[in-house]
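First the structure, in the form of structure tokens, and then the observations on it.
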Amino acid sequence: MGKTVTLDALKGELREEAYPLDREVVVEAYGDYDLDLPGGGESLAAVLDRVADDSFQSHTELVEAIEGRVGGDAVGRQDYTDRGASAGDDDQESF
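Residues in the sequence shown are numbered consecutively from 35, following our numbering.
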């Protein structure tokens, strides 16, 4: 059983890596980490199995790949904006 981490904690650890970074290197170093997600835990290796990329050029690219595969519950409210209208509403005027 691996280390259980939140998505934010994992992002912090991945920030310390030197990029570009191969997926195999990420799986070897962090694959046994269990992500503590709202819908239940999942290993990072399982998440990365659903990622098509073999290499990540930056921390941002790797994090976006992970967030795109863990589901909306894990990354916060979808389509959220603090601007007062829904993110998808294009008929709002700006002041």
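We put the CB at the ideal spot given by N, CA and C, even for glycine.
6 Å Cβ shell around residue i - same chain, five flanking residues per side excluded
i: Thr38; result: Asp68, Asp70
Member of the options whose CA lies at the smallest distance from the CA of residue i
i: Gly46; options: Gly102, Leu96, Ser89, Asp56; result: Leu96
i: Asp88; options: Ala43, Leu44, Val81, Leu55; result: Leu55
i: Gly36; options: Ser92, Arg49, Arg57, Ala63; result: Ala63
i: Asp83; options: Glu51, Val60, Ala43; result: Val60
i: Ser92; options: Asp42, Glu51, Ala43, Thr40; result: Glu51
Own chain, CB closer than 8 Å to residue i, minus 5 neighbours either side, in chain order
i: Ser77; result: Gly36, Gly65, Asp66, Tyr67, Asp68, Leu69
Residue i versus residue j - alpha carbon distance
i: Glu100; j: Pro72; result: Before going on, a small fix: residue 100 reads as Ile here, not Glu. Rounded to the nearest angstrom, the two C-alpha atoms are 15 Å apart.
i: Val104; j: Gly75; result: 10 Å
i: Ala79; j: Arg57; result: 10 Å
i: Ala22; j: Tyr53; result: Outside the displayed span of the chain (35 to 129) sits residue 22, for which this structure offers no information.
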